[in-house]
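Per numbering that gives the first Met the number 0, the very first residue in the sequence shown carries number 0; after that it's consecutive. Yeah, the Cβ is synthetic: ideal placement off N, Cα and C, and Gly gets one too.
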Amino acid sequence: MRLVIHAVFKGEIVLKKIGIIGAGIIGTALAYHLTKHDDADVVVFEKNQIGSGTTAKSAGTLCLIDDSLPYEFFEQRVTCLNTYKKMNEDTHNESEFVQSGTLVVSPTEDEMKRAKMHVEASQKAGFNAEFIEDPEGLVKYLPDLTPEGLLGGAWTPDDGYNNPTAASLIYARWAREQGAKFITHANVNEILTKDGAVSGIKSSKGDYDFDLVVCAAGPWSNKVGALVGLDLPLVHTKAEVFILKTDEPLDYEFPILKYPHWYARSEGRAVFVCKSHMAMDYGKAIETGVWDPDELSLSGGTEEYFFDFLTERLAESVPKLLDAQLVNDWLGYRSVTTDKLPIVGESDVEGFLVATGMSGNGVILAPDTGRILTNYIMKDEGDPLLDSFNPSRFK
Ligand SMILES: Cc1cc2nc3c(=O)[nH]c(=O)nc-3n(C[C@H](O)[C@H](O)[C@H](O)COP(=O)(O)OP(=O)(O)OC[C@H]3O[C@@H](n4cnc5c(N)ncnc54)[C@H](O)[C@@H]3O)c2cc1C
0 MRLVIHAVFK GEIVLKKIGI IGAGIIGTAL AYHLTKHDDA DVVVFEKNQI GSGTTAKSAG
60 TLCLIDDSLP YEFFEQRVTC LNTYKKMNED THNESEFVQS GTLVVSPTED EMKRAKMHVE
120 ASQKAGFNAE FIEDPEGLVK YLPDLTPEGL LGGAWTPDDG YNNPTAASLI YARWAREQGA
180 KFITHANVNE ILTKDGAVSG IKSSKGDYDF DLVVCAAGPW SNKVGALVGL DLPLVHTKAE
240 VFILKTDEPL DYEFPILKYP HWYARSEGRA VFVCKSHMAM DYGKAIETGV WDPDELSLSG
300 GTEEYFFDFL TERLAESVPK LLDAQLVNDW LGYRSVTTDK LPIVGESDVE GFLVATGMSG
360 NGVILAPDTG RILTNYIMKD EGDPLLDSFN PSRFK
């Protein structure tokens, strides 16, 4: 399907009028990449505040090694880490990157193999990375870790986490400087079509004509897709976060700790723990479903089921945290497809594109998603990543 562009002239330039629904990390990164092109006329609609959706609930981990993405997407990890590190430097720490390093433990032979492959790839990409064969050696990086039962682990000291809402605000500012318009507290409630193709949107802050509309609405994408009659292949999984604080401050920096089914990182003086998205069971109604993200509150909403799962894991791995107090918790929905990879590209409705279903990787994938979708929209250019994320794979 070719992207239909109506001629709107600004001086000598024919403009492409593009509307983006959602100003999370995906919508803002896309707006930034699109507005590098003089012929892109971009308006972003956000029904709340910039970066206030799933992006605000994220751990923001930017790890060189974990099980969240298959090995074939290692390059996306490198792009993401380099992009956000540079963003943080260029903005004098505005995106609050914390170089905590990541300790990825290997309880099985398969995990060890995967970690070693990533260590090698990280070294080749110019990062510091090592595989520690002796489990006792892992304690150097996390003194309260129980090494029994582990086969070893990988240590990547150059990575860490950032504040994804701050990163969204920076992308939005850079996009505005390049000409994008952001309309916040503007709910898109209708998508207009003419002869079967998208022609504009109706929002609570007015109606707009567009050549193309991109859905970057995170877990709201099911609702946004329905506005054009699409049943997008997306469900939600629950991301339940528990913030634990020990009575006495830990006398070391808690790194990002990645187990195959859960992870932890520092959260100020406390520790953030969450069940990983790869561990979510699509057959269990408590873990996977389609829920209304408008019902989510800023904090609370977590369930005993997830807390019990995590405390059992902590008992085996970092028992000291069992004595900590639960000082905060929240629930977010990850928008996921069955293969846990996103959908990015054209939909079955002409002029309606999607950049959603980011699962547990939206922060990692935002820089490359913005780049590849922009190249497709503005230059009709393909990309192997775009092929992997093509929505048509679910037909
Ligand atoms: C607990 C947790 C931990 C995570 N940890 C990581 C991590 O470590 N690393 C990582 O890469 N990813 C992580 N993720 C995943 C990541 O946060 C998401 O993939 C990412 O934030 C999705 O961004 P988005 O822009 O697609 O969606 P969102 O941030 O949800 O943005 C969508 C926006 O669309 C707006 N919107 C919706 N409907 C409309 C409408 N009709 N009109 C106007 N606006 C609308 C919403 O208000 C919202 O702001 C985590 C997620 C959770 C919940």
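Residue i and residue j: beta carbons closer than 8 Å?
i	j	result
Ala-238	Gly-23	no
Tyr-83	His-117	no
Asn-47	Ser-94	no
Ser-167	Asn-186	no
Ala-171	Thr-34	no
Leu-155	Ser-105	The amino acid occupying residue 155 in the given sequence is Thr; Leu does not appear at that position. Contact flag unset, no.
Val-348	Val-213	no
Ile-17	Asp-206	no
Leu-29	Thr-373	yes
Tyr-258	Arg-175	no
Ile-450	Pro-232	An answer regarding residue 450 cannot be provided, because it is not within the stretch 0 to 394 covered by the chain.
Val-398	Ile-20	Look at the range of the chain in this structure, 0 to 394, and you will see that residue 398 is not part of it.
Ser-198	Asp-208	yes
Val-317	Asp-143	yes
Val-335	Gly-356	yes
Phe-393	Leu-340	no
Considering just the uninterrupted stretch of the alpha helix (DSSP H) at residue i, what are its terminal residues?
i	result
Asn-374	361-378
Tyr-83	73-89
Leu-256	Per DSSP, Leu-256 belongs to no alpha helix (DSSP H); it is in the beta strand (DSSP E), 255-257.
Asp-307	303-316
His-235	Not the alpha helix (DSSP H): His-235 falls in the beta strand (DSSP E), residues 234-244.
Leu-68	Run containing Leu-68: none; DSSP gives neither H nor E here.
Ile-25	24-33
Glu-110	108-123
Glu-438	The chain is shown only over 0 to 394; residue 438 falls outside these bounds and no answer can be derived.
Ser-220	220-225
Ala-55	53-56
Tell me where the beta strand (DSSP E) around residue i begins and ends.
i	result
Trp-290	Counting along the chain, Trp-290 falls outside any beta strand (DSSP E), and DSSP gives it neither H nor E.
Asp-152	It should be noted that the sequence gives Gly, not Asp, for residue 152. Run containing Gly-152: 152-155, per the beta strand (DSSP E) assignment.
Asp-328	324-335
Asp-208	205-208
Ala-269	269-274
Within a Cβ cutoff of 7 Å, which residues of the same chain sit near residue i, ignoring the five residues on either side of it in sequence?
i	result
Phe-130	Ala-114, Lys-115, Val-118, Gly-151, Ala-153
Pro-254	Ser-99, Gly-100, Thr-101, Leu-102, Tyr-140, Leu-141
Ile-169	Met-86, Thr-90, Glu-93, Ser-94
Pro-146	Pro-134, Glu-135, Leu-137, Val-138
Glu-380	Asn-374
Gly-350	Val-3, Ala-196, Val-197, Asp-210, Leu-211, Val-212
My guess is that residue i and residue j are in contact by the Cβ rule of under 8 Å, so how many angstroms apart are they, rounded?
i	j	result
Lys-415	Trp-290	Given a span of 0 to 394 for the chain in the structure shown, any question on residue 415 remains unanswerable.
Thr-78	Pro-366	5 Å
Ile-200	Glu-189	7 Å
Thr-310	Leu-321	6 Å
Take residue i and list the residues in its own chain whose beta-carbon comes closer than 6 Å to its own, dropping the five residues that flank it on each side.
i	result
Arg-333	Thr-236, Ala-238, His-276, Ser-358, Gly-359
Ser-391	none
Ile-371	Asp-382, Leu-384, Leu-385
His-32	Gly-369, Arg-370, Thr-373
Gly-52	Gly-23, Gly-217
Residues in the same chain with beta-carbon distance under 8 Å from residue i, minus the five sequence neighbours each way, listed in chain order, please.
i	result
Arg-264	Ala-58, Thr-60, Ser-99, Tyr-160, Phe-253, Pro-254, Ile-255, Leu-256, Val-270, Phe-271
Val-97	Gly-159, Tyr-160, Asn-161, Ser-265
Please report whether the beta-carbon of residue i lies at a distance below 8 Å from any beta-carbon of chain B.
i	result
Val-343	The question asks about chain B, but that chain is absent: this structure has only one protein chain.
- [ ] Give a yes or no on contact between the region 276-296 and the region 116-129, applying the rule of three or more CB pairs nearer than 8 Å.
- [x] As far as the Cβ criterion goes, the region 276-296 does not touch the region 116-129, which means the pair count is below three.
Task: Stretch pair the region 289-305 + the region 239-247: three plus CB contacts closer than 8 Å - done: A contact exists between the region 289-305 and the region 239-247.
TODO: May I ask you to verify whether the region 320-339 touches the region 53-69, counting CB pairs closer than 8 Å and requiring at least 3?
DONE: Between the region 320-339 and the region 53-69 there are three or more inter-stretch CB-CB distances shorter than 8 Å, so the stretches are counted as touching.
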